[in-house]
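S.K.:
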Amino acid sequence: EVILSCGDDILAIPVIGMGTAYPAPDPETDKAAVLEAIKAGYRHFDTALVYGSEKYLGQAISDAVRLGLIKSRSEVFITTKLFASFAEKDLVVPALNMSLRNLQLEYVDMYIIHWPFKFGGEVKSMPVAKEMVLPLDLKSVWGGMEECKRLGLARGIGVSNFTCNMLQDLLSIAKIPPVLNQLEMSPAWQTKKLNDFCKAKGIHVTAYSPLGGANSRVGDDRVLCSNILEDIAKAKGKTTAQVSLRWVYEQGVSMVTKSNNKERMKQNVDIFDWSLTDEELEKISHFPQRKAVTFASIVGPHDLIVDIDAQL
Ligand code: A2P
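The sequence shown begins at 7 in the UniProt record's numbering and counts up one residue at a time.
1. Can you look up Ser250 in the DSSP assignment and give me helix, strand or coil?
2. Relative to the C-alpha of Pro20, which residue among Lys61, Ala135, His210 is closest?
3. Have a look at Thr197 and Ile163 and give me their C-alpha separation to the nearest angstrom.
4. Assuming Cys170 and Leu200 make a contact with CB atoms under 8 Å, what is their CB distance in whole Å?
5. Reducing DSSP to helix, strand and coil, say where Cys12 ends up.
6. Short of 7 Å in beta carbon distance, which residues of its chain neighbour Glu286, apart from the five on each side in sequence? Order them along the chain.
7. State buried or exposed for Gly258, treating a residue as buried only when at least 16 other CB atoms are found within 10 Å of its CB.
8. Buried or exposed: Ala46, going by 16 or more other Cβ atoms within 10 Å of its Cβ?
9. Counting along the chain, where does the alpha helix (DSSP H) carrying Ser105 start and finish?
10. Taking the DSSP output, what are the residues bridged to Leu63?
11. Run the proximity test for Gln273: is its beta-carbon closer than 7 Å to any non-hydrogen atom belonging to the ligand MN?
12. Under DSSP, the beta strand (DSSP E) around Ser166 begins and ends at which residues?
13. Relative to the C-alpha of Ile16, which candidate in Lys155, Lys87, Asp96 has its C-alpha closest?
14. Determine the contact status of Ser260 and Thr212, defining contact as a CB-CB distance below 8 Å.
15. Whole angstroms is fine: what's the gap from Pro133's alpha carbon to Lys87's?
16. Out of Trp253, Glu269, Glu256, Asn274, state which residue places its alpha-carbon closest to the alpha-carbon of Thr263.
17. Can you pull the DSSP bridge partners for Gln188?
18. Please return the same chain residues whose Cβ sits closer than 6 Å to the Cβ of Arg228, not counting the five positions on each side in sequence.
19. Compute every distance between the C-beta of Leu287 and the non-hydrogen atoms of the ligand A2P, then say whether any falls below 7 Å.
20. State yes or no: is the beta carbon of Ala39 nearer than 8 Å to at least one beta carbon in chain D?
21. Can you have a look at Cys204 and say buried or exposed, based on whether 16 or more other CB atoms are within 10 angstroms of its CB?
22. Within a Cβ cutoff of 6 Å, which residues of the same chain sit near Thr300, ignoring the five residues on either side of it in sequence?
23. Mind reading off the beta-carbon distance from His308 to Lys136? Whole number of angstroms is fine, and I expect it under 8 Å.
24. From which residue to which residue does the alpha helix (DSSP H) around Pro141 run?
25. By Cβ distance below 7 Å, which residues in the same chain neighbour Lys181 in space, the five residues on each side in sequence not counted?
26. Would the beta-carbon of Arg161 fall within 8 Å of that of Asp115?
27. Compute every distance between the C-beta of Leu109 and the non-hydrogen atoms of the ligand A2P, then say whether any falls below 7 Å.
28. What span of residues does the beta strand (DSSP E) with Ile84 cover, start to end?
29. Is the closest heavy atom of the ligand A2P to the C-beta of Thr263 under 7 Å?
30. With a threshold of 6 Å on Cβ separation, who are the neighbours of Ser105 within its own chain once the five nearest residues in sequence on each side are excluded?
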């Protein structure tokens with residue numbers, strides 16, 4: 007766990023979280039996977055309004071309490087995210103209320119701005135028209151996020167995919183500073199500058215796609231099929247995935263990763279009683295760098311987005 011303080015609240019974020027970004031066609035499969043994850047020791051779950059996974063996650067948590075796998079909802083750390091169509095002061099609280107209804111929860115542990123831009127209206131499919139993609143009005147959207155915190159709907163508030171410059175701008179206007187930035191990080195996208203910046207400003211980093219987003223719509227198998235990681239894994243009797251997750255952990259961050267497979271779930275929380283040597287870290291530092299999750303591929307290649315993809 008990593009201890010975070012937001013306003014007058016102290017939160018403990020478990021290092022390994024389970025992602026829910028790519029729901030299976032059948033929500034029962036995903037719900038069963040969350041229950042398996044709780045059995046395997048996972049206490050941190052990451053969702054977003056736009057993933058369509060809030061409902062089954064909420065059901066799984068209430069089932070877990072009913073089945074006695076956890077004593078109460080307070081034993082799990084739940085993050086959800088503000089979608090870009092609601093990134094305006096008066097729309098933020100209603101958007102979180104919508105997520106809370108989906109989740110059947112009274113509060114989330116962490117509410118974060120999903121993307122560092124907004125949509126100028128409702129978006130039904132992607133890519134989206136150029137005129138729909140607008141810069142965030144930070145004062146407006148962060149005012150709404152602060153309201154979520156004041157109302158007790160979110161214990162912590164933060165952002166995702168923010169660059170150093172955007173964080174700097176946000177810190178200069180925030181009454182309650184962001185406590186977390188969730189960003190892509192893996193041996194294939196090491197984000198050292200951004201991670202160092204966040205550390206210096208007291209902003210906790212949660213890594214997403216710590217396995218390079220393998221099998222996802224946007225990622226690939228560069229991490230899981232890397233010779234560098236495979237050689238290290240063989241020498242240590244670990245899997246390539248474990249070496250990648252351990253590397254991410256050694257950057258001082260928490261992470262969200264997804265597996266629906268029981269054995270792989272267990273592997274992914276088994277990264278704490280061994281470490282990488284200086285020589286191994288040195289080898290990984292030469293991993294060819296390329297971002298797996300680009301907004302241009304999700305939203306469309308608009309100028310603002312191309313800039314965000316290019317910057318750290
Ligand atoms: P699966 O559900 O079949 O295990 P990321 O966390 O970077 O987004 O990557 C998630 C992908 O990596 C999932 O498709 C998942 O597939 C796969 N994955 C997760 N854990 C492991 C593991 N320990 N070994 C191999 N693949 C894994």
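Beta carbons are placed, not taken as given, at the ideal position from N, Cα and C, and that holds for glycine.
On a predicted model such as this, the values are computed, not experimentally measured, just so you know.
M.R.: Judging by the given coordinates:
1. As a position in the sequence shown, residue 250 is number 244, starting the count at 1. Here Ser250 sits in helix by DSSP.
2. Numbered from 1 along the sequence shown, position 14 holds the residue referred to as residue 20. Measuring C-alpha to C-alpha distances from Pro20 to each of Lys61, Ala135, His210 identifies His210 as the nearest.
3. Here residue 197 corresponds to residue number 191 of the sequence shown, with the count starting at 1. Here residue 163 corresponds to residue number 157 of the sequence shown, with the count starting at 1. About 22 Å.
4. Within the sequence shown, residue 170 is the residue found at index 164, counting from 1. Within the sequence shown, residue 200 is the residue found at index 194, counting from 1. Yes, Cys170 and Leu200 are in contact; Cβ-Cβ is about 6 Å, under 8 Å.
5. One-based indexing of the sequence shown puts residue 12 at position 6. The three-state reading of DSSP puts Cys12 in strand, counting E and B together.
6. Here residue 286 is taken as the residue at index 280 of the sequence shown, counted from 1. For Glu286, where only same-chain residues beyond five positions count, the Cβ hits under 7 Å are Ile238.
7. Working through the sequence shown from its first residue, we reach residue 258 at position 252. Gly258 is classed as exposed because its beta carbon has fewer than 16 other beta carbons within 10 Å across all chains shown.
8. For the purposes of this step, residue 46 is taken as the residue at position 40 of the sequence shown. So Ala46 ends up on the buried side.
9. As a position in the sequence shown, residue 105 is number 99, starting the count at 1. Residue range 95 to 109 is occupied by the alpha helix (DSSP H) that includes Ser105.
10. Here residue 63 corresponds to residue number 57 of the sequence shown, with the count starting at 1. Beta-bridge analysis with DSSP links Leu63 to no other residue.
11. Looking at this structure, you won't find the ligand MN anywhere; what it does contain is the ligand A2P.
12. Looking up residue 166 in the sequence shown gives position 160. DSSP places Ser166 in the uninterrupted beta strand (DSSP E) bounded by 160 to 166.
13. For the purposes of this step, residue 16 is taken as residue 10 along the sequence shown, with counting starting at 1. Per the Cα distances, Lys155.
14. As a working mapping, residue 260 is identified with position 254 in the sequence shown. As a working mapping, residue 212 is identified with position 206 in the sequence shown. The beta carbons of Ser260 and Thr212 sit closer together than 8 Å.
15. Indexing the sequence shown from 1 puts residue 133 at position 127. Indexing the sequence shown from 1 puts residue 87 at position 81. Approximately 20 Å, taken between the alpha carbons.
16. What you label residue 263 is simply residue 257 of the sequence shown in a count that begins at 1. Out of Trp253, Glu269, Glu256, Asn274, Asn274 has the C-alpha closest to the C-alpha of Thr263.
17. Taking the sequence shown and counting its residues from 1, one reaches residue 188 at position 182. Per DSSP, the beta bridge partners of Gln188 are Ser166, Thr212.
18. Along the sequence shown, one-based indexing puts residue 228 at 222. Contacts found: Ala194, Gly218.
19. Against the sequence shown, residue 287 aligns to sequence position 281. The ligand A2P never approaches Leu287 closely enough for any of its heavy atoms to be under 7 Å from the residue's Cβ.
20. Absent from the structure: chain D. Only one protein chain is present.
21. Position 198 of the sequence shown, counted from the start, is the residue given in the question as residue 204. That one is buried.
22. Sequence index remark: in the sequence shown, residue 300 carries index 294 (1-based). Cβ neighbours of Thr300 beyond the five flanking positions: Asp315.
23. Numbered from 1 along the sequence shown, position 302 holds the residue referred to as residue 308. Numbered from 1 along the sequence shown, position 130 holds the residue referred to as residue 136. Approximately 5 Å separates the beta-carbon atoms of His308 and Lys136; this is inside 8 Å, confirming the contact.
24. Within the sequence shown, the letter at position 135 stands for residue 141. Judged by DSSP secondary structure, Pro141 falls outside any alpha helix (DSSP H) and instead within the beta strand (DSSP E) spanning 139 to 141.
25. Translated into positions along the sequence shown, residue 181 becomes position 175. Sequence-distant Cβ neighbours of Lys181 in its own chain, meaning closer than 7 Å and more than five residues away, are Glu152.
26. For the purposes of this step, residue 161 is taken as residue 155 along the sequence shown, with counting starting at 1. For the purposes of this step, residue 115 is taken as residue 109 along the sequence shown, with counting starting at 1. A contact, by the Cβ cut-off of 8 Å.
27. The sequence position of residue 109 within the sequence shown is 103, counting from 1. The nearest non-hydrogen atom of the ligand A2P is 7 Å or more from the C-beta of Leu109.
28. Numbered from its first residue, the sequence shown carries residue 84 at position 78. It spans 83 to 88 - the beta strand (DSSP E) in which Ile84 sits, taken as one unbroken run.
29. On the sequence shown, residue 263 is found 257 positions in, with the first residue counted as 1. Yes; taking the cut-off as 7 Å, the Cβ of Thr263 has a heavy atom of the ligand A2P nearer than that.
30. In the sequence shown, counting from the first residue as 1, residue 105 sits at position 99. So the qualifying residues of the chain are Leu55, Glu60, Thr86.
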